[in-house]
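Student: This structure is in structure tokens; I'll ask about it shortly.
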Amino acid sequence: MKIIELGRTVTAANDREARELRRRLKEQGTLLINLMSSPGSGKTTLLSRLITDMPDLKIGVMEADIDSAVDAEKIEALGARAIQVHTGGMCHMDAGMTAQALEELGGQGLDLVFLENVGNLICPAEYDTGAGLCLMILSVPEGDDKPLKYPLIFRESHGAVISKLDALPYFDFDLEKCRSRIEKLRPGAAVMPVSAKTGQGMDRLEAWLRQQLAAWRS
Ligand SMILES: Nc1nc2c(ncn2[C@@H]2O[C@H](COP(=O)(O)OP(=O)(O)OP(=O)(O)O)[C@@H](O)[C@H]2O)c(=O)[nH]1
Ligand SMILES: [Mg+2]
1091 MKIIELGRTV
1101 TAANDREARE
1111 LRRRLKEQGT
1121 LLINLMSSPG
1131 SGKTTLLSRL
1141 ITDMPDLKIG
1151 VMEADIDSAV
1161 DAEKIEALGA
1171 RAIQVHTGGM
1181 CHMDAGMTAQ
1191 ALEELGGQGL
1201 DLVFLENVGN
1211 LICPAEYDTG
1221 AGLCLMILSV
1231 PEGDDKPLKY
1241 PLIFRESHGA
1251 VISKLDALPY
1261 FDFDLEKCRS
1271 RIEKLRPGAA
1281 VMPVSAKTGQ
1291 GMDRLEAWLR
1301 QQLAAWRS
């Protein structure tokens, strides 16, 4: 079988902007988390649960979508600071777009800011947004083979949330196989199975996020 590898475009200007944004956020003590996944993997549901479970943290959310404002409305209804970003048809956020969105959100004084990136396992992983932490979500119904098919997003992510754990009895999802596939791509990555519906595994994810925030500020 002949397989051809096509190069990806890396924009030096984007990387510069991303480094500058990260430096500013570090100074402010705000941890920006780039949340990436397929459409419908449970990003907004997970964020809603985190906001409710961690009322002591000031959390902001930037919802990036091609259209609509439904996700930002859901987050705002919980009392958190939220902004909806329309990407003008783009399938990802870059550093310039993220900096602009943060300005509109008013990121100052927040502990955690989540960027719910456009639902897509490919493009978002190719752009440094300036986030201090990349977190990807893979839901059980998507299958345990996704690390094999979309390696970049797993390589770029400090942690992987395996979501919709309550659906495990209905799918052939091998948690251990998935864990070792992720470990091969990003040794030491935190793999955190959760169900935002039942709350299973949320305590571990929340503890991990608190650790990451403390490390960001140290
Ligand atoms: N069973 C189960 N369903 C879930 C869970 N989390 C989310 N869902 C469902 O999955 C669907 C999509 O959830 P969302 O939170 O909107 O997913 P999303 O990733 O934000 O979707 P987009 O923003 O459209 O990419 C909804 O019907 C949720 O109710 C979970 O832990 N268990
Ligand atoms: Mg969403």
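Residue numbers for the sequence shown follow our numbering, so the first one is 1091 and each next one is one higher.
C-beta: ideal position from N, C-alpha, C; glycine also.
For clarity, every value in this text was computed on a predicted model and none was experimentally measured.
(1) Check whether the Cβ of Gly-1179 sits closer than 8 Å to any heavy atom of ligand 4, and report yes or no.
(2) Given a cut-off of 9 Å on the beta-carbon distance, is the pair Val-1203 and Ile-1123 in contact?
(3) Mind the definition here: the stretch 1205 to 1216 touches the stretch 1152 to 1166 only if three or more C-beta pairs lie below 8 Å; say whether that holds.
(4) Can you tell me where the alpha helix (DSSP H) with Gln-1198 in it begins and where it stops?
(5) What would DSSP say about Cys-1224, mapped onto helix, strand or coil?
(6) Tell me whether the beta-carbon of Cys-1268 lies closer than 9 Å to the beta-carbon of Ile-1252.
(7) Among all residues, which have a Cβ less than 6 Å from at least one non-hydrogen atom of ligand 1, and in what chain order do they fall?
(8) Give me whichever residues DSSP pairs with Gln-1174 in a beta bridge.
(9) Could you tell me which residues DSSP pairs with Leu-1205 in its beta bridges?
(10) Does the beta carbon of Glu-1163 fall short of 8 Å from some heavy atom of ligand 2?
(11) Could you check if Asp-1157 is buried or exposed, using at least 16 other CB atoms within 10 Å of its CB as the buried criterion?
(12) Verify whether the separation of the beta carbon atoms of Asp-1201 and Leu-1303 is less than 9 Å.
(13) Beta carbon of Gly-1220, beta carbon of Glu-1296: below 9 Å?
(14) Per the DSSP calculation, Gly-1249 is bridged to which residue(s)?
(15) Say yes only if the C-beta of Ser-1273 is nearer than 8 Å to one or more non-hydrogen atoms of ligand 2, and no if none qualify.
Tutor: Inspection of the coordinates gives the following:
(1) Of the ligands this structure carries, namely ligand 1 and ligand 2, none is ligand 4.
(2) yes
(3) yes
(4) It is not in any alpha helix (DSSP H) - Gln-1198 carries neither H nor E in the DSSP assignment.
(5) strand
(6) yes
(7) In chain order, the qualifying residues are Ser-1127, Pro-1129, Gly-1130, Ser-1131, Gly-1132, Lys-1133, Thr-1134, Thr-1135, Asp-1161, Gly-1209, Ser-1253, Lys-1254, Asp-1256, Ala-1257, Ser-1285, Ala-1286 and Lys-1287.
(8) Looking at the DSSP assignment, Gln-1174 forms a beta bridge with Glu-1153.
(9) Asn-1124 and Met-1152
(10) no
(11) Of the other Cβ atoms in all chains shown, fewer than 16 fall within 10 Å of the Cβ of Asp-1157; this residue is therefore exposed.
(12) yes
(13) no
(14) Looking at the DSSP assignment, Gly-1249 forms a beta bridge with Leu-1225 and Ala-1280.
(15) According to the sequence displayed, residue 1273 carries Glu and not Ser. Incorrect: Glu-1273 has no Cβ contact closer than 8 Å to ligand 2.
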